[in-house]
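K.L.:
Before I ask anything, let me first share the structure, which is written out below as structure tokens.
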Ligand code: GLN
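In the UniProt record's numbering, the protein residues as written are 1 to 473.
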């Protein structure tokens with residue numbers, strides 16, 4: 001059965017034309033997900049996938065994700081399955097309920113193949129921080145797939161799943177999408193419910209989608225968006241409509257600051273070449289300035305750990321998961337559980353977060369970072385008065401080798417230089433593959449980041465779809 005590189009649309013056609021049944025499709029994807037040459041999955045849910053596939057066979061093929069094999073990042077709850085968040089501290093934990101997004105994809109007919117690998121509690125840019133071993137990049141197994149949603153990205157890039165869900169706090173969908181050559185989309189803050197997403201930094205976290213095409217990324221997103229009474233930050237506004245446009249007359253803002261020192265020359269060239277093609281199609285290229293973006297990384301690495309330190313306080317050895325044996329009293333139980341359960345990067349961030357929130361440092365760090373956050377947001381608001389979307393590279397480099405950045409956390413943090421300001425501002429953005437760079441005999445993808453206006457996912461997808469056509473046509 002030819003299910004290689006299936007998209008949602010092709011899959012629908014295949015089922016409608018009886019080229020394959022849902023069970024055949026499920027078996028085929030399960031086989032590949034179990035073989036998993038990239039260590040994308042932490043768990044493959046064979047029994048439930050097969051029984052759900054047989055159930056679906058008795059239903060009309062009308063639902064939006066009917067029979068679609070999907071991978072879910074392991075910090076999103078699926079009732080009855082583990083949700084480790086890539087951490088030893090949650091290894092024994094079984095989700096007691098479905099996240100809102102899980103409920104929605106189940107109701108839309110999706111087949112949840114399993115749970116995918118990630119950096120511990122979504123902290124990282126390579127999946128090397130996972131307590132269960134790193135994921136490999138399908139384009140070159142000596143290189144990282146990016147992170148933190150590296151498992152979901154590799155699953156889609158390696159065609160172990162048709163689409164996948166991830167979470168993005170500072171780039172964790174877009175950066176791995178760029179490094180593995182797939183579409184990675186992060187919605188406007190508030191568009192998708194965070195209920196049932198294991199929190200990293202609550203004012204930055206959003207669940208989003210991975211796919212091989214812009215259309216699939218949008219289709220999956222349209223299923224999961226919408227207000228939710230279990231998430232008070234979710235917003236009740238009109239759902240995203242599917243639009244198609246041409247690039248003629250579209251105003252593309254290109255920030256000067258996104259092509260500065262630190263950007264791999266080959267990445268910059270690939271992105272500029274793509275933008276030149278869009279100009280040829282009639283797009284207006286407008287140079288803009290996002291003056292405060294230079295401070296985005298510094299502000300992010302204060303605000304994010306502050307929220308991390310608060311969110312991770314709940315892992316105390318009593319309420320969830322791992323419990324350190326042989327502790328003499330309550331305090332040593334807390335200490336031992338957290339010492340043995342958390343990895344080095346998580347501990348580092350909890351300590352930084354506790355520090356920047358502590359009396360005497362709060363104003364100097366946390367409050368200052370929040371003020372910078374506001375200025376970053378205002379830069380975007382000003383830019384969007386003159387442009388439809390903003391474009392630049394997703395990451396400063398192509399996929400790097402395992403171990404290349406592990407010893408120096410700051411070099412890893414620099415991976416996020418073009419992505420974090422979008423989370424600080426709460427904007428929607430998408431990464432689209434725009435070219436390949438040859439290195440050591442392998443072709444490695446380059447990501448183009450397209451940033452949309454708040455709650456204007458419709459236009460963002462429309463522009464991204466038009467760009468995809470130009471780049472692949
Ligand atoms: N790489 C970034 C970090 O380590 C982003 C993580 C994310 O988006 N979850 O914080």
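Quick reminder that beta carbons are idealized off the backbone N, C-alpha and C, glycines included.
With a threshold of 6 Å on Cβ separation, who are the neighbours of residue 59 within its own chain once the five nearest residues in sequence on each side are excluded?
P.N.:
Nothing listed; no residue qualifies.
K.L.:
Which residues mark the beginning and the end of the alpha helix (DSSP H) in which residue 176 is found?
P.N.:
Counting along the chain, the alpha helix (DSSP H) containing residue 176 begins and ends at 174 to 180.
K.L.:
Strictly by DSSP, which residues pair up with residue 450?
P.N.:
Paired residue(s): 391, 430.
K.L.:
So, is residue 2 buried or exposed, given that buried needs 16 or more other C-beta atoms within 10 angstroms?
P.N.:
Confidence is the limiting factor: at residue 2 the pLDDT is only 38, short of 50, which leaves the residue's position unreliable, though a coordinate-based value still follows. When all chains shown are included, residue 2 counts as exposed.
K.L.:
Can you list, in chain order, the residues of its chain with a C-beta nearer than 6 Å to that of residue 5? Leave out the 5 residues immediately preceding and following it.
P.N.:
The answer, listed in chain order, is 159.
K.L.:
Could you compute how far the alpha carbon of residue 455 sits from the alpha carbon of residue 342?
P.N.:
Spanning the two alpha carbons is a distance of roughly 36 Å.
K.L.:
Let me know the alpha helix (DSSP H) ranges lying completely inside the segment 11 to 38, each 4 residues or longer, listed in chain order.
P.N.:
The segment 11 to 38 contains these whole alpha helix (DSSP H) runs: 22 to 35.
K.L.:
Between the C-alpha atoms of residue 51 and residue 308, what's the straight-line distance to the nearest angstrom?
P.N.:
Spanning the two alpha carbons is a distance of roughly 38 Å.
K.L.:
Tell me whether residue 232 counts as near the ligand GLN, meaning its Cβ is closer than 6 Å to at least one heavy atom of that ligand.
P.N.:
No, the ligand GLN has no heavy atom inside 6 Å of this Cβ.
K.L.:
Considering only residues of the segment 206 to 264, which uninterrupted beta strand (DSSP E) runs meet the minimum length of 3 residues and lie entirely inside it, listed in chain order?
P.N.:
Counting only runs of 3 or more, we get 206 to 211, 251 to 255.
K.L.:
Could you tell me the alpha carbon to alpha carbon distance between residue 474 and residue 252, rounded to whole angstroms?
P.N.:
The structure shown has nothing for residue 474, since the chain only spans 1 to 473.
K.L.:
When you compare only the Cα positions, how much space is there between residue 89 and residue 470?
P.N.:
Going from the Cα of residue 89 to the Cα of residue 470 covers about 46 Å.
K.L.:
Using a threshold of 7 Å, state whether the C-beta atoms of residue 231 and residue 191 are closer than that.
P.N.:
No; because the gap between Cβ atoms is not below 7 Å, this pair is not in contact.
K.L.:
Please state whether DSSP places residue 136 in a helix, a strand or coil.
P.N.:
Three-state DSSP puts residue 136 in coil, outside helix and strand.
K.L.:
Would you say the beta carbon of residue 123 is closer than 6 Å to some non-hydrogen atom of the ligand GLN?
P.N.:
Yes - the ligand GLN has a heavy atom lying nearer than 6 Å to the Cβ of residue 123.
K.L.:
Report yes if the C-beta of residue 170 is less than 6 Å from at least one heavy atom of the ligand GLN; otherwise report no.
P.N.:
Checking the Cβ of residue 170 against the ligand GLN gives yes.
K.L.:
To the nearest angstrom, how far is it from the Cα of residue 290 to the Cα of residue 386?
P.N.:
Between residue 290 and residue 386, the C-alpha separation is close to 13 Å.
K.L.:
Can you tell me whether residue 453 is buried or exposed? The criterion is at least 16 other CB atoms within 10 Å of its CB, across all chains shown.
P.N.:
Residue 453 is buried by the Cβ-count criterion.
K.L.:
Quick one: what does DSSP say residue 480 is sitting in, helix, strand or coil?
P.N.:
This structure cannot speak to residue 480, because the chain is shown only from 1 to 473.
K.L.:
Residue 248 and residue 287 look like a contact to me (Cβ under 8 Å); what is the Cβ gap, rounded to whole Å?
P.N.:
Rounded, the Cβ-Cβ distance is 20 Å, inconsistent with contact.
K.L.:
Tell me whether residue 493, by its Cβ, gets closer than 6 Å to a heavy atom of the ligand GLN.
P.N.:
Here the chain covers residues 1 to 473 and nothing more, so residue 493 does not appear.
K.L.:
Please determine, among 71, 38, 104, 384, the residue with the shortest C-alpha to C-alpha distance to residue 64.
P.N.:
Measuring from the Cα of residue 64, the nearest candidate turns out to be 104.
K.L.:
Taking three-plus beta-carbon pairs below 8 Å as touching, is the segment 295 to 312 in contact with the segment 352 to 368?
P.N.:
Short answer: they touch.
K.L.:
Buried or exposed: which applies to residue 120, given that a residue is buried once 16 or more other Cβ atoms fall within 10 Å of its Cβ?
P.N.:
Buried, because 16 or more other Cβ atoms sit within 10 Å of the Cβ of residue 120.
K.L.:
Using the beta-carbon count (16 or more within 10 Å), is residue 359 buried or exposed?
P.N.:
So residue 359 counts as exposed.
K.L.:
Quick one: is the Cβ of residue 126 within less than 6 Å of any heavy atom of the ligand GLN?
P.N.:
Not under cutoff, so the answer is no.
K.L.:
Taking a contact to mean a Cβ-Cβ separation below 7 Å, would you say residue 172 touches residue 203 in this structure?
P.N.:
Contact: no.
K.L.:
Within this structure, are the beta carbons of residue 133 and residue 179 separated by less than 7 Å?
P.N.:
No, the Cβ-Cβ distance between residue 133 and residue 179 is not below 7 Å.
K.L.:
Who are the Cβ neighbours of residue 324 in its own chain at under 7 Å, not counting the five residues just before and after it?
P.N.:
Only 317, 333, 336, 337, 340 meet the Cβ criterion.
K.L.:
When you compare only the Cα positions, how much space is there between residue 434 and residue 177?
P.N.:
Each residue's alpha carbon lies about 12 Å from the other.
K.L.:
Say the cut is 6 Å; is the CB of residue 416 nearer than that to a heavy atom of the ligand GLN?
P.N.:
Correct: residue 416 has its Cβ closer than 6 Å to the ligand GLN.
K.L.:
Between the Cα of residue 111 and the Cα atoms of 407, 356, 48, which residue gives the shortest distance?
P.N.:
Residue 111 has its Cα closest to that of 48, out of 407, 356, 48.
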